[in-house]
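Structure first, commentary second.
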Amino acid sequence: MSKPVILCADDEKIVLNSLKEQLKRAFRNDYSVETAEGGKDALDLYLLRFNFSIIKMLKI
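Start counting the sequence shown at -4; every next residue gets the next number (our numbering).
As structure tokens, this is what we get:
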């Protein structure tokens, strides 16, 4: 069984990378963390690629 996935989207790569590292430390092996640079990329990933458990968009 695959791990649940958290999707984070933000247009600032530094913020996105920082959040990804924080989530990876917090959830360790319980969740996989994926990132998208903006809402369109997040929607594309959601529709085409993953079955997400949590979607977090920092700025909309």
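Just so it is clear, CB atoms sit at the ideal spot from N, CA and C, and this is done for glycine as well.
Values in this document were obtained by computation on a predicted structure and should not be read as measured data.
Rounded to the nearest angstrom, the gap between the Cα atoms of Arg20 and Lys(-2) is 15 Å. Pairing Leu2 with Leu40 gives a Cβ-Cβ distance under 8 Å.
With 16 or more other CB atoms across the displayed protein chains lying within 10 angstroms of its CB, Val28 is buried.
Secondary structure of Glu29 (DSSP, three-state): strand. Our two residues, Asp5 and Asn24, have alpha carbons roughly 23 Å apart in a direct line.
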